[in-house]
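Heads up: the structure comes next, in structure tokens.
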Amino acid sequence: MTSRRAAVFAIDLIHGTGFLNRWSHKSGIISPPFSLFSSKAFQPKQPRIDFSCVKELNDAIGLFQKMKSMQPEPSVRMYNNLLSVTAKIEEYSFALYMFDEMLRMGVPVDVYTMNIAVNCCCLLKDIKSGFAIMGLFFKSGCEPNVTTFNTLIKGLFLNHKVAEAGKLFNKLLRFRICEPDGCYDFGDGKWALYIRENVLPARDLVRRLERSRSRLDVKAYSALLDGLRKSGMVDDALQLLSAMIEKGITPNVVTYNSMIQGLCDLGRLEDVKVLVNEMSNSNISLDVVTFSILIDAYCKERKMEEAEDLLKTMKQHNICPDVVTYNTLIDGYCLRGEIDKARQVLDSMVDKGLKPNIVSYNCLLNGYCRKGRIDEAWLHFLEFPCKGLEHDTCTYTTMIHGLFSERRFSEGWKLFKDMEARRVTPNIYTYSTLLDGLCRNGETDEALSFLHTIEGKGVDLDRVTYGAVINGLCKNGKLDVARDLFNQLPSRGVLPNARMYTMIIDALCHEGSTEEAQCLLTEMQSHGCAPTSVTYNIMTRSFLKKKELSKAIPYLEVMREKGLSADVSTLSMLIDQMQGKTKDDVLLKLMKDVLPKDFPS
DNA sequence: ATAGGGTTAG
Numbered sequence: 001m002t003s004r005r006a007a008v009f010a011i012d013l014i015h016g017t018g019f020l021n022r023w024s025h026k027s028g029i030i031s032p033p034f035s036l037f038s039s040k041a042f043q044p045k046q047p048r049i050d051f052s053c054v055k056e057l058n059d060a061i062g063l064f065q066k067m068k069s070m071q072p073e074p075s076v077r078m079y080n081n082l083l084s085v086t087a088k089i090e091e092y093s094f095a096l097y098m099f100d101e102m103l104r105m106g107v108p109v110d111v112y113t114m115n116i117a118v119n120c121c122c123l124l125k126d127i128k129s130g131f132a133i134m135g136l137f138f139k140s141g142c143e144p145n146v147t148t149f150n151t152l153i154k155g156l157f158l159n160h161k162v163a164e165a166g167k168l169f170n171k172l173l174r175f176r177i178c179e180p181d182g183c184y185d186f187g188d189g190k191w192a193l194y195i196r197e198n199v200l201p202a203r204d205l206v207r208r209l210e211r212s213r214s215r216l217d218v219k220a221y222s223a224l225l226d227g228l229r230k231s232g233m234v235d236d237a238l239q240l241l242s243a244m245i246e247k248g249i250t251p252n253v254v255t256y257n258s259m260i261q262g263l264c265d266l267g268r269l270e271d272v273k274v275l276v277n278e279m280s281n282s283n284i285s286l287d288v289v290t291f292s293i294l295i296d297a298y299c300k301e302r303k304m305e306e307a308e309d310l311l312k313t314m315k316q317h318n319i320c321p322d323v324v325t326y327n328t329l330i331d332g333y334c335l336r337g338e339i340d341k342a343r344q345v346l347d348s349m350v351d352k353g354l355k356p357n358i359v360s361y362n363c364l365l366n367g368y369c370r371k372g373r374i375d376e377a378w379l380h381f382l383e384f385p386c387k388g389l390e391h392d393t394c395t396y397t398t399m400i401h402g403l404f405s406e407r408r409f410s411e412g413w414k415l416f417k418d419m420e421a422r423r424v425t426p427n428i429y430t431y432s433t434l435l436d437g438l439c440r441n442g443e444t445d446e447a448l449s450f451l452h453t454i455e456g457k458g459v460d461l462d463r464v465t466y467g468a469v470i471n472g473l474c475k476n477g478k479l480d481v482a483r484d485l486f487n488q489l490p491s492r493g494v495l496p497n498a499r500m501y502t503m504i505i506d507a508l509c510h511e512g513s514t515e516e517a518q519c520l521l522t523e524m525q526s527h528g529c530a531p532t533s534v535t536y537n538i539m540t541r542s543f544l545k546k547k548e549l550s551k552a553i554p555y556l557e558v559m560r561e562k563g564l565s566a567d568v569s570t571l572s573m574l575i576d577q578m579q580g581k582t583k584d585d586v587l588l589k590l591m592k593d594v595l596p597k598d599f600p601s
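By the UniProt record's numbering, the letter at position 82 of the first sequence is numbered 82, and the numbering carries on one by one without gaps.
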């Protein structure tokens, strides 16, 4: 009964956005009652069909033709198999075409048919049709199940209807559809999105889960924990981890790996040790993923010796490093500028019989670009096809960025045109690079119109993308335009971060509007955005420039309180101002406090 | 027929 209520709720939810669909005119075509017709007892023996041979659209088409003419008629189950395998090869439209045909032919479709069809709609980002199909079945008396709702929720996420997804999910909880056997779908990283944008409800959900008697399985917990981790709620995740253990659900290596990754991201290596110990106490062995995460953590800190040691350790434990492990090392060396070492790692993996993949080569490409060895990067870029690898979005973006950083703008732009011609889809990284390049070449008007083009395509841009444009506008003396864009950010679904505020503050200071910059600093704090040492340095210098020492000092004091350091340029301006003045011990002491940690005395 | 973890670019 409750699942009916959730269905009604779900339909209502989508109703408001226009409940139009291509199936509504056929409502009632499904012949009820499903159970009678799909009952196995009434089916004569069926010949076997090997669905695994469906590898491409034509196979599916052929098989569908064959099945339609089969005697006796194939069961729903067989048709469902065909739908499912067609969806697996990503021919969603044809799957839906077959679904239409099945309805027309009077095949006694069931809840599985519905779920597969709904899933196809969702993957085509046609969420309304997904809801329409559910509504259609619902009217005919076929009740959606947890999988149906999970699929719809996933579809809402894919359509960026995060709030609706959250509402539907909460309904499921309230109607207890997911309990007690626990079928939450936190998979696919989709929940990370929900959690990120709904931290408080998510935390509420976690608390509810901790208290409730319901026992999700390890997979459901792991997925949820991973979602929390990806949303920066590592401590909430750890707390839930303890709660699940208390309930008698044993985490496995996947659960731990996800948590270890979260702690590594925060640089909390001491806590990582605790978890690794916990694992060995519970007889959960580390696997290749655990080691790769740890090696990556060392590489990110440029501690290549430690990383190599770990590689040895894992080999001693008979855990075979894989391509990902080696790629981590290759990237580590490239980030450190040691390309020759990186090449050695690549050779060593070939010796081990492992084939380097596109990631391996992209890391190397980035290594050359970062060192400014653009011509070598080009040669490397041209070699991809010889290795049997096609340039992907990352390859192009890296190369374009490399060219731009050498101010070879027209070549970079030409490469982008080539990328488009080769049908390699640009993504948010590519766009940020291009926008940044335009701005750094002084073409801010072009950047703005390009930005609008991208937005018109429905691409979701983030802070980095907008930050590139705002920064470009500020640096090119177009503060007014920058501020306009900055003010519009929330309505475009992006909240400004400290970096962006700092860009505007910097531009205001350059204009001499230090008082206004001061207001913006207050505003950013009231929006829960903490200024960084960069921000405070800018403010300090701005007042020093105006010879207003007394207004600069409070910022130095704040920095001392927060344990932030002053830049060398700030300090030298400060010293300048003090020349000729009476020695102020308090000020001297303050200056010492905000001295950078590695400042030579 | 369904479900979770690790590598690259802005």
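Note that the Cβ used here is the ideal one computed from N, Cα and C, for glycine as well.
Please read all numbers here as calculations on a predicted model, not as lab measurements.
Outcome for residue i when other beta-carbon atoms lying within 10 angstroms are tallied against a minimum of 16
i, result
"E164", "buried"
"R22", "The pLDDT assigned to R22 is 44, lower than 50, so where the model puts this residue is not dependable, and the model offers no usable value."
"Q261", "buried"
"M259", "buried"
"C394", "buried"
"R440", "buried"
"T430", "buried"
"K139", "exposed"
"R229", "buried"
"H527", "exposed"
"P385", "exposed"
"H452", "exposed"
"C264", "buried"
"D70", "Reading the sequence as shown, one finds Met at residue 70 and not Asp. M70 is exposed by the Cβ-count criterion."
"N58", "exposed"
"L36", "Any reading at L36 must be qualified, since the residue scores a pLDDT of 28, below 50, and its modelled position is unreliable; no value is offered."
"L550", "The residue you asked about is not Leu; residue 550 is Ser in the sequence shown. Exposed, since its Cβ has fewer than 16 Cβ neighbours within 10 Å."
"A60", "buried"
"T397", "buried"
"residue 642", "In the structure displayed, the chain extends from 1 to 601; residue 642 sits before or after that span and is not available."
Per-residue DSSP class, three states only, for residue i
i, result
"L587", "helix"
"R423", "coil"
"L329", "helix"
"G262", "helix"
"C142", "coil"
"H391", "coil"
"T313", "helix"
"C386", "helix"
"K300", "helix"
"G106", "coil"
"I153", "helix"
"G437", "helix"
"V85", "helix"
"R77", "helix"
"K171", "helix"
"R208", "helix"
"A595", "Here residue 595 turns out to be Leu, not Ala, going by the sequence shown. Three-state DSSP puts L595 in coil, outside helix and strand."
"I319", "coil"
"K546", "coil"
"S405", "helix"
"V288", "helix"
"A220", "helix"
Residue range of the alpha helix (DSSP H) that includes residue i
i, result
"G62", "57-68"
"N119", "111-123"
"S491", "Here S491 belongs to no alpha helix (DSSP H), and DSSP marks it neither H nor E."
"V345", "339-351"
"N362", "358-370"
"A552", "549-562"
"Q579", "Per DSSP, Q579 belongs to no alpha helix (DSSP H) and is neither H nor E."
"E455", "444-456"
Item to check | Cβ pair count under 8 Å reaching 3, the region 274-284 against the region 308-324 | outcome: no
Next on the checklist: Whether or not the region 344-359 and the region 370-380 are in contact is what I'm after, with contact meaning three or more pairs of Cβ atoms, one per stretch, closer than 8 Å; do they touch?
Outcome noted: In this structure the region 370-380 does not touch the region 344-359; the number of beta carbon pairs closer than 8 Å is below three.
Next on the checklist: Which complete alpha helix (DSSP H) runs does the region 227-275 hold, if anything under 4 residues is left out?
Outcome noted: 234-246, 253-265
Next on the checklist: Which complete alpha helix (DSSP H) runs does the region 462-543 hold, if anything under 4 residues is left out?
Outcome noted: 463-475, 479-488, 498-511, 514-526
Next on the checklist: Using a Cβ distance threshold of 8 Å, determine whether the region 543-551 contacts the region 568-576, with at least three qualifying pairs required.
Outcome noted: The way I'd put it, the region 543-551 does touch the region 568-576; three or more beta-carbon pairs between them come closer than 8 Å.
Item to check | Three or more C-beta pairs below 8 Å linking the region 412-432 and the region 383-403 | outcome: With the cut-off at 8 Å, the region 412-432 and the region 383-403 touch.
Checklist entry - At a cut of 8 Å, does the region 507-515 reach the region 484-492 through at least three beta carbon pairs? => result no
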